[in-house]
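**Student:** First residue of the sequence shown: 1, per the numbering used here; consecutive thereafter. We put the beta carbon where it would ideally sit given N, CA and C, even for glycine.
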Amino acid sequence: MATETKPTLPLPDQSSSTPLLSSEPSDTGAAFSLIAKSNGTKEQRRAYHQGWRDGNIEKVKLSLLKYKTKHPDRIRRAQAKSNAKNADNVRARKAAYRELHQTEIREYQKQYYAKNRLELLKKKRLHPEKRRQSEHKRRAQKHGGSVGDKKLISRWEQSWRSKRYVRCYWCRFKIKTKLCHTDHIEPLSKGGSHSIDNLCISCCHCNLSKNAKDINEWNKSLDQPVLL
Numbered sequence: 001m002a003t004e005t006k007p008t009l010p011l012p013d014q015s016s017s018t019p020l021l022s023s024e025p026s027d028t029g030a031a032f033s034l035i036a037k038s039n040g041t042k043e044q045r046r047a048y049h050q051g052w053r054d055g056n057i058e059k060v061k062l063s064l065l066k067y068k069t070k071h072p073d074r075i076r077r078a079q080a081k082s083n084a085k086n087a088d089n090v091r092a093r094k095a096a097y098r099e100l101h102q103t104e105i106r107e108y109q110k111q112y113y114a115k116n117r118l119e120l121l122k123k124k125r126l127h128p129e130k131r132r133q134s135e136h137k138r139r140a141q142k143h144g145g146s147v148g149d150k151k152l153i154s155r156w157e158q159s160w161r162s163k164r165y166v167r168c169y170w171c172r173f174k175i176k177t178k179l180c181h182t183d184h185i186e187p188l189s190k191g192g193s194h195s196i197d198n199l200c201i202s203c204c205h206c207n208l209s210k211n212a213k214d215i216n217e218w219n220k221s222l223d224q225p226v227l228l
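The structure is reproduced here in structure tokens:
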């Protein structure tokens, strides 16, 4: 009695110029896909996987959702690393988004402030340095100025505010720290940047006298011009 033999799957011809991989379903089934994935070139394997993802969108979404739920910290670290590596592109993308959605952003901010007003005011009182940083950043961006390293600026400001006396950059007098301000050498309203190179310590009198004037304009209003 003759025994029935099962048909075997032929291996792909290595000398053939026909691609091993395709995004279209193969008649040879999963076995051929496995052979193709192991023997194909990098581009062919990439095309195969892309074809599988395109044909199984719901499965891919479910898998990504499970991964994000299980590894939130890993996702945040990867996103932060990607943002740092592509900082210029991220800033440009955010700026373009803000430009296109100004009305929606302002409306959202108004609603958020109205809903969380008391909590936001409490945070401002607890963290005055963050409030100052936020206000300076807003004013610089409003007039087209750039914003420097916020952490560096914060460390500099905390350093001089921790001292009892500091020297005013303009009048050169030694003043009590609580009577001094962070001042911008080139005013933000004139397009000056909110960066460490454009910041100085100013006493109340000099800061309020200078206000939003540039150096030349301010000197004209002084009996004793400031010499830099």
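#1: Assign ALA177 to one of two classes, buried (16 or more other C-beta atoms within 10 Å of its C-beta) or exposed (fewer than that).
#2: In three-state DSSP terms, what is THR294?
#3: Between which residues of its own chain and SER202 is the CB-CB distance below 8 Å, once the five residues before and five after are set aside?
#4: Skipping 5 residues on each side, what residues in its chain have a beta carbon closer than 8 Å to that of TYR165?
#5: If you follow the beta strand (DSSP E) that TYR165 is part of, which residue opens it and which one closes it?
#6: Compute the distance between the beta-carbons of ALA212 and SER189, then report whether it is under 8 Å.
#7: How big is the Cα-Cα spacing for ALA95 and ASP149?
#8: Note down, in chain order, each residue of its chain lying with its Cβ closer than 6 Å to the Cβ of SER221, except the 5 sequence neighbours on either side.
#9: Go ahead and pull the three-state DSSP assignment for LYS123.
#10: Just to confirm the assignment, what range does the beta strand (DSSP E) spanning LEU100 have?
#11: For a test of the three-state rule: what should DSSP assign to LEU118, helix, strand or coil?
#12: Using only the alpha-carbon positions, how far apart do LYS142 and GLU119 sit?
#13: With respect to the alpha helix (DSSP H) encompassing CYS203, which residues constitute its N-terminal and C-terminal limits?
#14: What span of residues does the beta strand (DSSP E) with LYS174 cover, start to end?
#15: Output the boundary residues of the alpha helix (DSSP H) element that contains HIS229.
#16: Tell me which residues share the same chain as ILE105 and place their Cβ nearer than 8 Å to its Cβ, disregarding the 5 neighbours each side in the sequence.
**Tutor:** The relevant details are as follows:
#1: Checking the displayed sequence, the identity of residue 177 turns out to be Thr instead of Ala. That one is exposed.
#2: No answer is possible for residue 294: it lies beyond the span of the chain, which begins at 1 and ends at 228.
#3: Take SER202, set aside five residues on each side of it, and the residues of its chain with a beta-carbon closer than 8 Å to its own are CYS168, TYR169, TRP170, CYS180, HIS181, THR182, ASP183, LYS210, in chain order.
#4: Taken in chain order, the residues that qualify are LYS174, ILE175, LYS176, THR177.
#5: Counting along the chain, the beta strand (DSSP E) containing TYR165 begins and ends at 165-167.
#6: In contact: ALA212 and SER189 (Cβ atoms closer than 8 Å).
#7: Between the C-alpha atoms of ALA95 and ASP149 there is a straight-line separation of about 18 Å.
#8: Contacts found: none.
#9: Reduced to three states, the DSSP call for LYS123 is helix.
#10: No beta strand (DSSP E) holds LEU100; the alpha helix (DSSP H) holding it covers 87-100.
#11: If DSSP states are grouped into helix, strand and coil, LEU118 belongs with the helices.
#12: In a straight line, the C-alpha of LYS142 is about 26 Å away from that of GLU119.
#13: Per DSSP, CYS203 belongs to no alpha helix (DSSP H); it is in the beta strand (DSSP E), 199-203.
#14: Taken as a continuous stretch (DSSP letters only), the beta strand (DSSP E) holding LYS174 covers 174-176.
#15: The structure shown does not extend to residue 229, since the chain is modelled only from 1 to 228, so the question has no answer here.
#16: ARG98.
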